[in-house]
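In the numbering used here, the protein residues as written are 32 to 213.
Structure first, then comments.
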Amino acid sequence: MSHERETLAAVAARIIVESELTDWSLARRKAIAELGVSAHSSPLPTDDEIIAEIKTYHALYGGEEFAERLLAQRECALEAMIELARFNPVLVGPVAEGWAHAGSEIRIELTPESGKDVEYALMNLGVEFTPEMSRGGQEHYIIEDADWPMRLSVRANGHAPNTKFKVRMTSDQLKQTISSNA
């Protein structure tokens, strides 16, 4: 990676963490503006390059506050996974991978017979949620009133997991991770 691209990744990572951004394109544009470089002068950093810089940022500046927040996010995820155990929940994304910031969604994939089963379960638990449909037709349930923003993604039975996520944790794996970091 070129020095300019590495610097763009580091600045974008800082902006994402400090501003709790979830729009990485915006973070890239802000990094370009902050550094005063042309967007066309070098290729923009990839998500993986930015993630590496977020991990570096947390290692340098996160300290105990970051560790405590990540633990709290993981504990919140585990509570939800236990409540939704019949849907075979799997934690994915930044909380699973260990680089989440305060604005990062807890992302849990569920495998129900039908998305309606998830809706009924959430209603029975008294959880307020907003249903969403992605452009690809995947159902999501957004929960904003939890301690941390949460996205429940419905994966149809037999469909392959989202390959975008490198780490996938079952509730047992998450329990083990939590107990080893406590």
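Every residue, glycine too, gets a C-beta built ideally from N, C-alpha and C.
In this text the structure is predicted, and so the values were computed from the model without any measurement.
Residues near residue i in its chain [Cβ-Cβ closer than 7 Å; skip 5 each side]
{"i": "A215", "result": "Lying before the first or after the last residue shown, residue 215 is absent from the chain, which here runs from 32 to 213."}
{"i": "Y88", "result": "A44, R45 and V48"}
{"i": "I82", "result": "W130"}
According to DSSP, residues forming a beta bridge with residue i
{"i": "V123", "result": "R138"}
{"i": "V185", "result": "L141"}
{"i": "M154", "result": "Answer is none; M154 lacks a bridge partner."}
Start and end residues, alpha helix (DSSP H) containing residue i
{"i": "Y88", "result": "D78 to Y88"}
{"i": "L102", "result": "G94 to E114"}
{"i": "K61", "result": "W55 to L66"}
{"i": "E49", "result": "H34 to S50"}
{"i": "S24", "result": "Lying before the first or after the last residue shown, residue 24 is absent from the chain, which here runs from 32 to 213."}
Buried versus exposed call for residue i [16 or more other C-beta atoms within 10 Å across all chains shown]
{"i": "G59", "result": "The amino acid at residue 59 is misidentified as Gly; the sequence shows Arg. Classification of R59: buried, given that the 10 Å Cβ count is 16 or more."}
{"i": "A41", "result": "buried"}
{"i": "Q207", "result": "exposed"}
{"i": "E170", "result": "buried"}
{"i": "E51", "result": "exposed"}
{"i": "R105", "result": "buried"}
{"i": "L109", "result": "buried"}
{"i": "M112", "result": "buried"}
{"i": "L205", "result": "buried"}
{"i": "E95", "result": "exposed"}
{"i": "S202", "result": "buried"}
{"i": "G93", "result": "buried"}
Neighbourhood of residue i by C-beta, 6 Å cutoff - its chain only, sequence neighbours within 5 removed
{"i": "L39", "result": "A62 and P76"}
{"i": "P180", "result": "E136"}
{"i": "L183", "result": "I139, L141 and Y172"}
{"i": "E128", "result": "V198"}
{"i": "H215", "result": "With the chain represented from 32 up to 213, any question about residue 215 goes unanswered, as that position is not in the structure."}
{"i": "S73", "result": "S33, E35 and R36"}
Boundaries of the beta strand (DSSP E) in which residue i is found, first to last residue
{"i": "M164", "result": "T161 to M164"}
{"i": "Y172", "result": "E170 to I174"}
Assumed close pair residue i, residue j - CB separation to whole angstroms, cut-off 8 Å
{"i": "E159", "j": "D176", "result": "5 Å"}
{"i": "V126", "j": "F196", "result": "Wrong, their Cβ atoms sit about 11 Å apart, outside the cutoff."}
{"i": "M200", "j": "V121", "result": "7 Å"}
{"i": "K86", "j": "W55", "result": "With 8 Å as the limit, K86 and W55 do not qualify as a contact, their Cβ atoms being about 15 Å apart."}
{"i": "T53", "j": "G146", "result": "Going by Cβ atoms, the distance from T53 to G146 rounds to 23 Å, so no, they are not a contact pair."}
Residues near residue i by beta carbon distance below 8 Å, same chain, minus five either side
{"i": "V68", "result": "E35 and L39"}
{"i": "A187", "result": "T142"}
{"i": "E65", "result": "V42 and I46"}
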